[in-house]
Amino acid sequence: MARFATLTFLLVFFLSISCLKYSNLLRLVRSLTPFTLLEPMSRPPPESKAWVKERLEFLYTQPGQADVEGYSKHFEKSFQPTAKVTLNGEAMTLDDFKEQLQASQVATTNVKIVWQDLAGRWEGDKIVIEGSFEVTRTMKFRVRVGPAQNVQLNSFTAHLLPVEKDEFAISKFDLRMENRSKPIQLQGIQDG
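The opening position of the sequence shown corresponds to residue 16 in my numbering, with each subsequent residue numbered one higher.
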C-alpha cells in the first residue's frame, strides 16, 4: 500500500512540475518499480499454489491400495487426460505415474511431507507452479532397532489450466526425484 501511495505521489509530482509527455512519464514510473501498473495478472491467483499443494499431498500420502476408486478419481481430477508427465527427464504415461505413486505407499505406516518452497507465474494462459518438497515414509518393517525410513527429495514444475473458479487441471508435470534412505542409528557398545 505504501508503494502505491509513493507511486501516486511521484506521478502527481512529475505531472505538476514538468511538461513531460504521458508516455515518457509512464516509462519513468516503470523504470522505478519492479512491476507495471498495466499488468494486473502478473502473479497467479494464490489459490493455485494451495490447490497444487493440496493435490500433491493427497497423492503422496493416501494409500492407493486401500481406496483404489477414490484415489483414481482424485488423480483424474488433478490431471488432464492428455497431460504430459516427465520423471527425471524421462517421459511417462499418466497411468505409469499413478502406479508409481501407489506403489510408493506399499508397506508404509506414516508419510510426512515438508515443503521447501512454492512459487508461481503466468505463462500465456497457463499458470506455472514450481516448488520442492521432501517426503519421509516410515515403513512397516524394522531395520535393526527402529522402523525403516525412506526420504524422497522432489522438485517439480506443474503447468495448470484453470477449469472452474478455484479449480485447475495439470496439463504438464515435470518431476525430479531423488530417494535417500535414512541412516541407521545404532547405540554404541560401552566397554565395561
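Built from N, CA and C at the ideal position, the CB exists for glycine as well. Treat the numbers as computed from the prediction; the structure is a model and nothing was measured.
- Here the alpha carbons of residue 99 and residue 109 stand approximately 7 Å from one another.
- Under the DSSP assignment, residue 118 falls in the alpha helix (DSSP H) whose first and last residues are 109-118.
- The beta carbons of residue 195 and residue 150 sit no closer together than 8 Å.
- Sequence-distant partners of residue 186 (beyond 5 residues in either direction) whose C-beta falls short of 6 Å from its own C-beta, in its chain, are 95, 98, 174, 176.
- Residue 66 sits buried, since 16 or more C-beta atoms from the chains shown fall within 10 Å of its C-beta.
- Nearest Cα to residue 169 within the set 68, 137, 84: 68.
- A direct Cα-Cα distance of roughly 10 Å separates residue 121 from residue 152.
- About 7 Å separates the beta carbon of residue 171 from that of residue 188, a gap short enough to meet the 8 Å contact definition.
- Residue ranges of uninterrupted alpha helix (DSSP H) with 4 or more members, entirely inside the region 64-108 and ordered along the chain, are 83-93.
- Excluding sequence positions up to five before and after residue 72, its CB lies within less than 7 Å of the CB of 128, all in the same chain and listed in chain order.
- For residue 177, the secondary structure class from DSSP, reduced to helix, strand or coil, is strand.
- In the three-state reduction of the DSSP assignment, residue 61 falls in the helix class, which pools H, G and I.
- Beta-bridge analysis with DSSP links residue 167 to 150, 194.
- For residue 91, the closest alpha carbon among the candidates 103, 70, 106 is that of 70.
- Counting along the chain, residue 132 sits inside the beta strand (DSSP E) bounded by residues 123-138.
- Taking every protein chain shown into account, the CB of residue 139 has fewer than 16 other CB atoms within 10 angstroms, so this residue is exposed.
- Rounded to the nearest angstrom, the gap between the Cα atoms of residue 115 and residue 102 is 11 Å.
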